[in-house]
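Undergrad:
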Amino acid sequence: MLPKITRRRVIGLGLVTFAGTLLPTFANGTALGQPDKFGLPFAGQPGLANWFVRQWYGNTRWAYRQRRAIYGAGQGLHFGVDFFAPCGSPIIAIGDGIVAAVDGPYGSAPHNLLVRHPNGYVSLYGHLSQRSTLRVGQQVRRGEVVAFSGVPNGTDCDTRAHLHLEIRTSNLGGTVNPIPLMEADWPNLTLGLPDEGLEFEINLDNPTQWQTIYNQPAVYFGRALLNDFARPWPG
Amino acid sequence: MPYLLLILLLLFAACGETTNTATLSPTISEPDLTSSLTIAVLPSVSPTKTPLQLTNSPTLAPTNVSSTPNALPSVTSPLLTPTATSIPTNEPTATSIPTNEPTATSIPTVGPTSTPLPASGSTANALPVPFQPVQRQIAPPNCCQAFAFARDGRLYYYDKSATALLDLAGGQSQRLTTRWGLFSPDLSLVAFSARVGGPTTIEQVNDGTRRATLQNRSSLTLISPDNTRLAYLLRSPNQAPEAPQLFELWTGHLDGSNLRATWTLREGANLAWFPDSRHLLLTARNVANNRFGLWVVDSQATTGQSATLIVESKGLLAATLSSDGERVVYAITLQGEVNSGVWLANADGSNRRKFDWVGGWHWSPVNGTELFYSPIRAAGETASALWSYDVAHQQATRLTDPVTLPLRLSFDQWQIAPDNKNMVYRSTTDNALWLVRFR
Numbered sequence: 002m003l004p005k006i007t008r009r010r011v012i013g014l015g016l017v018t019f020a021g022t023l024l025p026t027f028a029n030g031t032a033l034g035q036p037d038k039f040g041l042p043f044a045g046q047p048g049l050a051n052w053f054v055r056q057w058y059g060n061t062r063w064a065y066r067q068r069r070a071i072y073g074a075g076q077g078l079h080f081g082v083d084f085f086a087p088c089g090s091p092i093i094a095i096g097d098g099i100v101a102a103v104d105g106p107y108g109s110a111p112h113n114l115l116v117r118h119p120n121g122y123v124s125l126y127g128h129l130s131q132r133s134t135l136r137v138g139q140q141v142r143r144g145e146v147v148a149f150s151g152v153p154n155g156t157d158c159d160t161r162a163h164l165h166l167e168i169r170t171s172n173l174g175g176t177v178n179p180i181p182l183m184e185a186d187w188p189n190l191t192l193g194l195p196d197e198g199l200e201f202e203i204n205l206d207n208p209t210q211w212q213t214i215y216n217q218p219a220v221y222f223g224r225a226l227l228n229d230f231a232r233p234w235p236g
Numbered sequence: 410m411p412y413l414l415l416i417l418l419l420l421f422a423a424c425g426e427t428t429n430t431a432t433l434s435p436t437i438s439e440p441d442l443t444s445s446l447t448i449a450v451l452p453s454v455s456p457t458k459t460p461l462q463l464t465n466s467p468t469l470a471p472t473n474v475s476s477t478p479n480a481l482p483s484v485t486s487p488l489l490t491p492t493a494t495s496i497p498t499n500e501p502t503a504t505s506i507p508t509n510e511p512t513a514t515s516i517p518t519v520g521p522t523s524t525p526l527p528a529s530g531s532t533a534n535a536l537p538v539p540f541q542p543v544q545r546q547i548a549p550p551n552c553c554q555a556f557a558f559a560r561d562g563r564l565y566y567y568d569k570s571a572t573a574l575l576d577l578a579g580g581q582s583q584r585l586t587t588r589w590g591l592f593s594p595d596l597s598l599v600a601f602s603a604r605v606g607g608p609t610t611i612e613q614v615n616d617g618t619r620r621a622t623l624q625n626r627s628s629l630t631l632i633s634p635d636n637t638r639l640a641y642l643l644r645s646p647n648q649a650p651e652a653p654q655l656f657e658l659w660t661g662h663l664d665g666s667n668l669r670a671t672w673t674l675r676e677g678a679n680l681a682w683f684p685d686s687r688h689l690l691l692t693a694r695n696v697a698n699n700r701f702g703l704w705v706v707d708s709q710a711t712t713g714q715s716a717t718l719i720v721e722s723k724g725l726l727a728a729t730l731s732s733d734g735e736r737v738v739y740a741i742t743l744q745g746e747v748n749s750g751v752w753l754a755n756a757d758g759s760n761r762r763k764f765d766w767v768g769g770w771h772w773s774p775v776n777g778t779e780l781f782y783s784p785i786r787a788a789g790e791t792a793s794a795l796w797s798y799d800v801a802h803q804q805a806t807r808l809t810d811p812v813t814l815p816l817r818l819s820f821d822q823w824q825i826a827p828d829n830k831n832m833v834y835r836s837t838t839d840n841a842l843w844l845v846r847f848r
C-alpha cells in the first residue's frame with residue numbers, strides 16, 4: 002500500500018513549501034524522502050503524447066492471456082512494468098550503477114541493457130530501439146540517458162512502442178515488483194485510462210489475490226505458472 | 410533567522426493538526442452511514458488555522474470569481490484546475506487533426522472554466538448554500554472485485570464466491586448469484602463461462618434457466634440493452650503472441666440463434682452496444698485495408714460492409730459511448746502533442762473536439778450530454794477531484810474539492826450511479842470502496 006501521509010506531514014509540508022521550499026516536496030510522488038528508492042526511467046511529466054504506464058508488473062489480464070505463449074518462463078506473470086513512449090524516447094537510468102550487460106541473453110528484444118545497482122538489484126531496460134553505446138563495467142548515474150525506447154518487433158512503432166523495465170534479483174534468476182522500489186506517483190502514471198495491462202486477472206476462487214499494484218509476487222524464472230487459474234475472470 | 414522562521418512554521422503546522430483532523434484522509438469513516446449521505450459532515454475549516462487554506466487563498470480574489478448558470482457564487486482555483494497541470498495541453502488547430510480524419514474542421518478546446526463549490530471561508534451572500542459533497546467507506550479493503558452499477562442503482566460486485574448486491578441507501582449487501590460474468594443492465598441475465606476456453610452460457614439470474622450456450626472459447630459476451638441480442642469478439646487460436654491479434658466479431662439473438670461472424674478484424678477492443686441494441690462500437694484494425702480506429706458496426710447487416718470508420722488513428726486506445734448513443738469520448742496516444750489527448754465527437758465521428766485535460770472519464774448513465782471526469786494533474790498533487798462536463802453548454806464544473814474532499818481514485822476504478830448524484834470508487838489509500846455523494 003501507499004505510505005500513509007499524515008495530516009501533520011502534509012500541513013508541515015505545505016507551510017515549509019510556502020516558506021521557501023526548504024524540504025522535499027511531493028514532486029516525485031508519494032514516497033517522501035527515500036533517497037534509496039529508484040527513480041523513473043523517463044524525464045519530465047507523463048502525457049498521452051510522450052510516456053505513460055500501460056502495463057503493471059504481475060498478474061495482469063494481458064499476462065494471463067499470454068501466460069504460456071510469452072510469459073511461460075516467468076511463471077505466467079508480466080515480470081516488468083511497461084511504459085509506453087514513442088520510439089526513440091530517451092531512457093534514463095533509474096539509479097546509480099554499473100552496466101552489467103548490453104544485448105545479453107535476457108529477452109526483451111530487439112535490444113536490452115542491464116545495470117547493476119549498489120542495493121543488489123539489477124535493472125533491465127528492454128525493447129530498445131538500438132544497441133546501447135554503453136560498455137559493460139561502465140558506471141552510470143541516476144538520471145543519465147542510457148538507451149532509447151523501441152518496440153518488440155523493431156518496426157511497429159505506431160502502436161506498440163514501449164519500454165519494458167524489470168527489476169531483477171542479484172543472480173538475475175528472477176524479478177521483483179518494481180512498484181514499491183521506485184519513487185513515483187503511480188496512481189497518476191496511467192493517466193486514468195483503462196487497459197487490460199492495467200487490470201488484474203481475477204481468480205474467482207481467491208478473488209483478492211494479487212489485485213493491487215503493490216501486492217504482486219516475485220517471479221522465479223523456470224518455475225511453474227502462478228496464474229493458471231481454474232476459474233479466471235476474464236476467461 | 411531562516412531556521413527560526415522554519416521552526417515557527419513547523420510548530421504552527423503541529424497546532425493545525427489538532428484543530429482539524431477529518432478532512433484529509435478517506436480512511437476516516439463516518440459513524441452514521443445513512444445520514445452521511447445527506448448531511449455534510451466535514452467540520453468547518455477556519456482559513457486562519459490550516460495552511461491548506463494557503464492553496465485556496467487565491468480563490469478569494471474577486472477576479473477569480475465566476476458565475477455558474479444557477480447564478481450561485483463559484484470560485485475558480487488556478488492551483489486546482491487541470492489547466493495548471495504540466496501535462497501537455499496543446500490546443501489543436503485545424504492542421505492538428507489526424508491526417509486521416511476527414512471531417513473535423515474546428516476543434517475548440519473545451520476545459521473547466523468554473524466551479525460551483527465555494528472554497529472554505531468564502532462568503533455565500535444570501536443565496537442557498539451549495540451542496541457539500543461527502544464521502545464514506547461502504548466496503549472493506551480488498552472487497553468487491555469488478556464493481557458496477559445496475560440500472561436500478563444497486564451496486565454489484567464479485568466477493569469471495571458469489572456476486573453480491575449492495576443497496577447504497579440501506580448499506581446491506583446480499584447475494585445475487587453464485588455466477589460471475591457479464592450481466593445485462595437490469596441484472597436479469599448473466600453471460601458466464603464455467604471453464605477456461607469453454608462455452609459461454611446465457612442464464613436467467615432469478616431461476617437459473619439456461620437461455621443459450623455459445624461455443625465461443627470463453628469470449629466475453631455482451632448482452633444488448635434490450636436483452637434480445639448477443640455480441641462477442643472471438644480471438645483466433647494459434648496466433649503469434651506478439652502479432653496484432655486476429656478476431657471475428659460475432660452477433661446473434663439472445664437464444665443463440667442466428668449467430669454469425671459479422672466482421673474480421675485485428676486488435677479488437679472496447680466493444681459496446683448502442684442503446685438501439687442493433688449497432689456496436691469498437692476499436693479495431695480492418696483486416697481488409699489495415700485501417701485502425703473507432704468503428705460502428707450494424708449487427709443486423711449481412712456483410713462487413715456495414716462497418717463504418719468514424720475516427721481513424723493509430724493511437725486510439727480507449728473509447729466509450731454516451732448513454733443515449735449520440736456521442737463518444739476516446740483517447741489517442743503517442744501521436745504527437747497535437748493529436749494525442751482525450752477527444753469528444755458525435756457518434757458518427759463529426760464535431761470532434763479535444764479536451765484540455767487528460768484523465769479518466771465516465772459518461773452519465775442517464776444523461777447523454779453529461780460527462781464525468783477526473784483529470785490527472787501535475788505531479789505533486791496528491792488528491793484528485795470529480796468534474797462534470799455539460800456537452801450541450803460546453804461548460805465544465807468541479808463537483809468535489811480536492812482540498813476538503815480528496816478522492817484517491819484507484820486508476821479507472823470508479824463508477825457513476827444511475828441517480829447521477831453518487832459515485833463509487835476504489836481508494837488507492839486502503840483499497841476499499843468509497844461512496845461520494847456530489848449532488
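In order, the protein sequence lines correspond to chains A and B.
According to the numbering used here, the residues represented by the first sequence are 2 to 236, in order.
According to the numbering used here, the residues represented by the second sequence are 410 to 848, in order.
Each residue gets a CB set at the ideal place from its N, CA and C atoms; glycine is no exception.
#1: Taking B:A693 and B:W704 to be in contact with their CB atoms under 8 Å, please state how far apart those CB atoms are, rounded to whole angstroms.
#2: Distance, Cα to Cα, A:N154 vs A:Q131?
#3: So the candidates are B:L814, B:Y782 and B:D821; which of them puts its Cα closest to the Cα of B:Q804?
#4: A:A32 CB to nearest chain B CB: under 9 Å?
#5: Please list the segments of the beta strand (DSSP E) lying wholly inside the region 107 to 154 of chain A, counting only runs of 3 or more residues, in order along the chain.
#6: Got a sec: which bits of the region 162 to 173 of chain A sit with their beta carbon under 7 Å from any beta carbon on chain B, in order along the chain?
#7: If I measure Cβ to Cβ from A:P47 and keep anything under 6 Å in the same chain, skipping five residues before and after, which residues do I get?
#8: Using a Cβ-Cβ cut-off of less than 7 Å, give me the residues of the region 126 to 157 of chain A that come near chain B, in sequence order.
#9: When the distance is taken between beta carbons, is B:A794 closer than 9 Å to B:D810?
#10: In this structure, how does DSSP classify B:E785 when only helix, strand and coil are distinguished?
#11: Any idea what DSSP makes of B:E746, helix, strand or coil?
#12: Counting only Cβ-Cβ distances shorter than 8 Å, please list the residues of the region 48 to 76 of chain A near chain B, keeping chain order.
#13: Identify, in the order they occur along the chain, each residue of the same chain with its Cβ nearer than 8 Å to the Cβ of B:N829, setting aside the five sequence neighbours on each side.
#14: Quick check on B:H802: buried or exposed, where buried means 16 or more other Cβ atoms within 10 Å of its Cβ?
#15: Decide if B:N840 is buried, meaning its Cβ has at least 16 other Cβ atoms within 10 Å, or exposed.
#16: Exposed or buried, which one is B:T813 when buried takes at least 16 other CB atoms within 10 Å?
#17: Apart from the five residues just before and just after B:V845, which ones in its own chain have a Cβ nearer than 8 Å to its Cβ?
#18: In terms of residue numbering, what span does the alpha helix (DSSP H) encompassing A:N189 cover?
#19: Using 9 Å as the limit for Cβ to Cβ distance, is A:L192 near chain B?
#20: Residues of chain A with CB closer than 7 Å to the CB of B:W589, please, in chain order.
#21: Helix, strand or coil: how does DSSP classify B:N831 here?
#22: Considering A:R62, what are the terminal residues of the alpha helix (DSSP H) in which it resides?
#23: Along the chain, where does the beta strand (DSSP E) containing B:Q613 start, and where does it finish?
#24: Hey, does A:D97 have any beta-carbon neighbour from chain B nearer than 9 Å?
#25: Output the distance between the C-alpha atoms of A:F39 and A:L135, rounded to the nearest integer angstrom.
#26: Tell me whether the beta-carbon of A:P208 lies closer than 9 Å to the beta-carbon of B:V605.
#27: Exposed or buried, what is B:V738 when buried is set at 16 or more other beta-carbons lying within 10 Å of its beta-carbon?
#28: At 3 residues or longer, and completely inside the region 586 to 635 of chain B: list those beta strand (DSSP E) runs for me, N to C.
#29: Check the Cβ of B:L690 against every Cβ in chain A and list those closer than 9 Å, keeping chain order.
#30: Could you give the distance in angstroms between the alpha-carbon of B:L718 and the alpha-carbon of A:L205?
#31: Starting from B:E735, trace the beta strand (DSSP E) both ways and give me its first and last residue.
#32: Compute the Euclidean distance between the alpha carbons of A:F43 and B:W823, then round it to the nearest angstrom.
#33: Enumerate in chain order the residues of its own chain whose CB-to-CB distance from B:R560 is below 7 Å, with the five nearest sequence positions on each side excluded.
#34: Confirm, please, whether the CB-CB distance from B:D821 to A:G144 is below 9 Å.
#35: With respect to the beta strand (DSSP E) encompassing B:E657, which residues constitute its N-terminal and C-terminal limits?
#36: Please compile the residues from chain A whose C-beta is within a distance smaller than 7 Å of the C-beta of B:P650.
TA: A quick look at the data gives this:
#1: Within the second sequence, numbered from 1, the residue matching residue 693 of chain B stands at position 284. Within the second sequence, numbered from 1, the residue matching residue 704 of chain B stands at position 295. Right, their Cβ atoms sit about 6 Å apart.
#2: Translated into the one-based positions of the first sequence, residue 154 of chain A becomes position 153. Translated into the one-based positions of the first sequence, residue 131 of chain A becomes position 130. For A:N154 and A:Q131, the distance between alpha carbons rounds to 12 Å.
#3: As a position in the second sequence, residue 804 of chain B is number 395, starting the count at 1. Checking every option, the nearest Cα to that of B:Q804 belongs to B:Y782.
#4: Working through the first sequence from its first residue, we reach residue 32 of chain A at position 31. Annotation note: pLDDT 36 at A:A32 (below 50); position unreliable, coordinate value reported separately. Chain B, which has no Cβ nearer than 9 Å to the Cβ of A:A32, makes this no.
#5: As for any beta strand (DSSP E) of minimum length 3 sitting wholly inside the region 107 to 154 of chain A, the runs are 114 to 117, 123 to 127 and 146 to 149, ordered along the chain.
#6: Within the region 162 to 173 of chain A, those residues whose Cβ lies closer than 7 Å to any Cβ of chain B are, in chain order, A162.
#7: As a first step, residue 47 of chain A must be located in the first sequence, where it is residue number 46. Only F53 and L190 meet the Cβ criterion.
#8: The region 126 to 157 of chain A vs chain B, Cβ under 7 Å: P153 and N154.
#9: Start at 1 with the first residue of the second sequence, and residue 810 of chain B comes out as number 401. Start at 1 with the first residue of the second sequence, and residue 794 of chain B comes out as number 385. With contacts defined by Cβ atoms closer than 9 Å, B:D810 and B:A794 form a contacting pair.
#10: Translated into the one-based positions of the second sequence, residue 785 of chain B becomes position 376. The question names Glu, but residue 785 of chain B is Ile in the sequence shown. Three-state result, B:I785: coil.
#11: Here the question's residue 746 of chain B lines up with position 337 in the second sequence. Of the three classes helix, strand and coil, the one that applies to B:E746 here is helix, per DSSP.
#12: G48, L49, A50, N51, F53, Q67, A70 and I71
#13: The count along the second sequence starts at 1 and reaches residue 829 of chain B at position 420. Excluding positions up to five away in sequence, the list reads S773, P774, V775, N776, E779 and R848.
#14: Residue mapping note: residue 802 of chain B aligns to position 393 of the second sequence, counting from 1. Exposed.
#15: For the purposes of this step, residue 840 of chain B is taken as residue 431 along the second sequence, with counting starting at 1. B:N840 should be labelled buried.
#16: In the second sequence, counting from the first residue as 1, residue 813 of chain B sits at position 404. Flag for B:T813 reads buried.
#17: Sequence index remark: in the second sequence, residue 845 of chain B carries index 436 (1-based). Taken in chain order, the residues that qualify are P542, V543, Q544, L795, T809, L814, L816, N831, M832, V833 and Y834.
#18: Indexing the first sequence from 1 puts residue 189 of chain A at position 188. For A:N189, the enclosing alpha helix (DSSP H) starts and ends at W187 to L190.
#19: Here residue 192 of chain A refers to the residue found at position 191 when the first sequence is read from its first residue. Yes - at least one Cβ of chain B is within 9 Å of the one on A:L192.
#20: Reading the second sequence from its first residue, position 180 is the one you call residue 589 of chain B. Simply L205 and W234.
#21: As a working note, residue 831 of chain B is residue 422 in the second sequence. B:N831: strand per DSSP, three-state reduction.
#22: Position 61 of the first sequence holds residue 62 of chain A. Run containing A:R62: R62 to R66, per the alpha helix (DSSP H) assignment.
#23: Taking the second sequence and counting its residues from 1, the one referred to as residue 613 of chain B is at position 204. Taken as a continuous stretch (DSSP letters only), the beta strand (DSSP E) holding B:Q613 covers T609 to Q613.
#24: As a first step, residue 97 of chain A must be located in the first sequence, where it is residue number 96. Output row for A:D97: interface = no.
#25: By 1-based counting over the first sequence, the position of residue 39 of chain A is 38. By 1-based counting over the first sequence, the position of residue 135 of chain A is 134. Looking at the two C-alpha atoms, the distance is approximately 20 Å.
#26: What you label residue 208 of chain A is simply residue 207 of the first sequence in a count that begins at 1. What you label residue 605 of chain B is simply residue 196 of the second sequence in a count that begins at 1. Not closer than 9 Å, so no.
#27: For the purposes of this step, residue 738 of chain B is taken as residue 329 along the second sequence, with counting starting at 1. Classification of B:V738: buried, given that the 10 Å Cβ count is 16 or more.
#28: 598 to 602, 609 to 613, 619 to 623 and 630 to 632
#29: Counting from 1 along the second sequence, the entry for residue 690 of chain B is found at position 281. Chain A residues near B:L690: none, gap ~15 Å exceeds 9 Å.
#30: The residue given as residue 718 of chain B occupies position 309 in the second sequence. The residue given as residue 205 of chain A occupies position 204 in the first sequence. Near 37 Å, if we compare the C-alpha coordinates of A:L205 and B:L718.
#31: Here the question's residue 735 of chain B lines up with position 326 in the second sequence. Per DSSP, B:E735 is not a residue of any beta strand (DSSP E), being assigned neither H nor E.
#32: Residue 43 of chain A sits at position 42 when you count from the first residue of the first sequence. Residue 823 of chain B sits at position 414 when you count from the first residue of the second sequence. Going from the Cα of A:F43 to the Cα of B:W823 covers about 28 Å.
#33: Locating residue 560 of chain B in the second sequence gives position 151, where the first residue counts as 1. Result list for B:R560: P594, D595 and P827, in chain order.
#34: For the purposes of this step, residue 144 of chain A is taken as the residue at position 143 of the first sequence. For the purposes of this step, residue 821 of chain B is taken as the residue at position 412 of the second sequence. No, these two residues do not count as a Cβ contact at 9 Å.
#35: Position 248 of the second sequence, counted from the start, is the residue given in the question as residue 657 of chain B. Segment L655 to H662, the beta strand (DSSP E) holding B:E657.
#36: As a working note, residue 650 of chain B is residue 241 in the second sequence. Residues of chain A passing the Cβ test: Q67, A70 and I71.
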